[in-house]
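S.K.: Residue numbers for the sequence shown follow the UniProt record's numbering, so the first one is 1 and each next one is one higher.
Note that beta-carbon positions come from the ideal geometry of N, C-alpha and C, so glycine has one too.
Just dropping this structure here.
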Amino acid sequence: MLTQEELLQYSRHIILPEIDLEGQERIKNSHVLIIGAGGLGSPAAMYLAAAGVGRLTLVDDDHVERSNLQRQIIHRIGALKLPKVVSAKESLNNINPNVDIRAIEARASLELLDELLCTESFNAVLDCTDNFETRFIINKASVRTKTPLISATAVAFSGQLAVFNLAPEHACYQCLYSNNDLPEGDCSAQGILSPVVGTMGALQATEALKIILELNDQSSSFMVNYRSLHSEFKTYKVTKDPKCVVCS
Numbered sequence: 001m002l003t004q005e006e007l008l009q010y011s012r013h014i015i016l017p018e019i020d021l022e023g024q025e026r027i028k029n030s031h032v033l034i035i036g037a038g039g040l041g042s043p044a045a046m047y048l049a050a051a052g053v054g055r056l057t058l059v060d061d062d063h064v065e066r067s068n069l070q071r072q073i074i075h076r077i078g079a080l081k082l083p084k085v086v087s088a089k090e091s092l093n094n095i096n097p098n099v100d101i102r103a104i105e106a107r108a109s110l111e112l113l114d115e116l117l118c119t120e121s122f123n124a125v126l127d128c129t130d131n132f133e134t135r136f137i138i139n140k141a142s143v144r145t146k147t148p149l150i151s152a153t154a155v156a157f158s159g160q161l162a163v164f165n166l167a168p169e170h171a172c173y174q175c176l177y178s179n180n181d182l183p184e185g186d187c188s189a190q191g192i193l194s195p196v197v198g199t200m201g202a203l204q205a206t207e208a209l210k211i212i213l214e215l216n217d218q219s220s221s222f223m224v225n226y227r228s229l230h231s232e233f234k235t236y237k238v239t240k241d242p243k244c245v246v247c248s
């Protein structure tokens, strides 16, 4: 049940007929796993906490550096050299102290993710990382446990969002790159316009809430490309690779 304070705090959600009281209670009872507390994880975690997601588990092994502050809006000057998950937890507690924040200062290994996803119930996993090795590990753990995966990237002036519902007939993240033709470069090499990574992280939070509220299209996995210089979004279906080494 929602308290009187929560009814006021989430009133703009509750007046939406697609959410209402039942939906906000569903949000309160949800649990989301966020891998990466950087440029993508910052806005994603902040919006999910503000929205009233009951439990957030953050996984990251990095520390806050000054170069992060241009786009990783969850961190502050006073958090320099702190573990990112510690800095993020402090910011999230200030946004919404009613959210249970668990900070895990560790690299996202397959063993760790298998343990988390097999022993706890998560509504969704947000891949907010910056390298393909970790993304493939997150995908493998998500496929094993059939946990919906929301992945995003951002480089220079462009971003990409991909949502994998992970029913047996749907594509997984590995299906996108089964031919090993991986894009080159990252924001440390090519730079990043700071609001672009914020846009993609906010979209991840939106998709997570849609999954929690069962408002998402579960008929297929899909990808969205964002080109900020052209103010353009394009959406594509991701088809399953029948030879995928992870999901087939």
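Starting from the C-beta of glycine 38, find all residues in its chain whose C-beta is less than 6 Å away, skip the five residues before and the five after it, and write them out in chain order.
M.R.: Counting only Cβ-Cβ distances below 6 Å, and skipping sequence neighbours, we find Gln72.
S.K.: Under the assumption that arginine 227 contacts serine 158 (Cβ atoms under 8 Å), give the Cβ distance between them as a whole number of angstroms.
M.R.: Right, their Cβ atoms sit about 5 Å apart.
S.K.: Between the Cα of serine 42 and those of Gln174, Cys175 and Ser87, spot the shortest distance and give me the residue it belongs to.
M.R.: Closest by alpha carbon: Ser87.
S.K.: Can you give the Cα-Cα distance for asparagine 96 and glutamate 90, rounded to whole angstroms?
M.R.: Whole-angstrom Cα-Cα distance: 10 Å.
S.K.: Which full runs of the alpha helix (DSSP H) of 4+ residues lie inside the stretch 75-159, going along the chain?
M.R.: Taking only runs of at least 4 residues, the alpha helix (DSSP H) segments lying wholly in the stretch 75-159 are 84-95, 110-119 and 132-145.
S.K.: Identify every residue that forms a DSSP beta bridge with histidine 31.
M.R.: Answer is Arg55.
S.K.: Where does serine 243 fall in DSSP's three states?
M.R.: Note on identity: in this sequence residue 243 is lysine, with serine being the wrong assignment. It is coil, neither helix nor strand.
S.K.: Between which two residues does the beta strand (DSSP E) carrying threonine 235 extend?
M.R.: From DSSP, the beta strand (DSSP E) with threonine 235 extends over 232-238.
S.K.: In chain order, what residues of the same chain have a beta carbon less than 6 Å from the beta carbon of alanine 205, not counting five sequence neighbours either side?
M.R.: So the qualifying residues of the chain are Ala44, Tyr47 and Leu48.
S.K.: With which residues is histidine 63 paired in a DSSP beta bridge?
M.R.: Looking at the DSSP assignment, histidine 63 forms a beta bridge with Pro83.
S.K.: Using DSSP bridges, identify the partner residues of leucine 161.
M.R.: The partner list for leucine 161 (beta bridge, DSSP) reads Ala152 and Val224.
S.K.: Rank Leu92, Leu58 and Val155 by C-alpha distance to the C-alpha of leucine 113 and give the top, closest one.
M.R.: Nearest option by C-alpha distance: Leu58.
S.K.: Let me make sure I understand the geometry here. Which of Glu65, Lys243 and Ser121 has the alpha-carbon closest to that of residue 334?
M.R.: Nothing about residue 334 can be reported from this structure: the residues present for the chain run from 1 to 248 only.
S.K.: What are the boundary residues of the alpha helix (DSSP H) that includes glutamine 175?
M.R.: The amino acid occupying residue 175 in the given sequence is cysteine; glutamine does not appear at that position. That run of the alpha helix (DSSP H) goes 173-176.
S.K.: Name the DSSP beta bridge partners of isoleucine 192, please?
M.R.: Partner(s): Ala156.
S.K.: Hey, alanine 50 and leucine 209: beta-carbon distance below 8 Å or not?
M.R.: Going by C-beta atoms, alanine 50 is not nearer than 8 Å to leucine 209.
S.K.: Got a sec: is the Cβ-Cβ distance from alanine 124 to anything in chain D below 8 Å?
M.R.: Annotation note: the requested chain D is absent from the structure, which comprises a single protein chain.
S.K.: Assign isoleucine 212 to one of three DSSP states: helix, strand, or coil.
M.R.: The answer is helix: DSSP assigns isoleucine 212 an H, G or I state.
S.K.: Which residue comes first and which comes last in the alpha helix (DSSP H) that contains serine 248?
M.R.: Premise fails: serine 248 is in no alpha helix (DSSP H) and is neither H nor E.
S.K.: On the three-state DSSP scale, how would you describe alanine 37?
M.R.: Alanine 37: coil per DSSP, three-state reduction.
S.K.: Could you check the C-alpha separation between residue 265 and glutamine 160 for me, to the nearest Å?
M.R.: There is simply no residue 265 to check, as the chain begins at 1 and stops at 248 in what is shown.
S.K.: Mind reading off the beta-carbon distance from residue 269 to threonine 147? Whole number of angstroms is fine, and I expect it under 8 Å.
M.R.: Not covered by the structure: residue 269. The range shown for the chain is 1 to 248.
S.K.: Compute the Euclidean distance between the alpha carbons of asparagine 123 and isoleucine 212, then round it to the nearest angstrom.
M.R.: Cα to Cα, asparagine 123 sits roughly 6 Å from isoleucine 212.
S.K.: Suppose contacts are defined by Cβ-Cβ distances below 8 Å. Is arginine 66 in contact with leucine 80 by that definition?
M.R.: Taking 8 Å as the Cβ cut-off, arginine 66 and leucine 80 qualify as a contacting pair.
S.K.: Taking 8 Å as the cut-off, decide whether the C-beta atoms of serine 142 and leucine 166 are in contact.
M.R.: Yes, they are a contact pair.
S.K.: Considering only the beta carbon of each residue, do aspartate 198 and cysteine 128 sit closer than 8 Å?
M.R.: First, the amino acid is wrong: residue 198 is glycine here, not aspartate. Taking 8 Å as the Cβ cut-off, glycine 198 and cysteine 128 do not qualify as a contacting pair.
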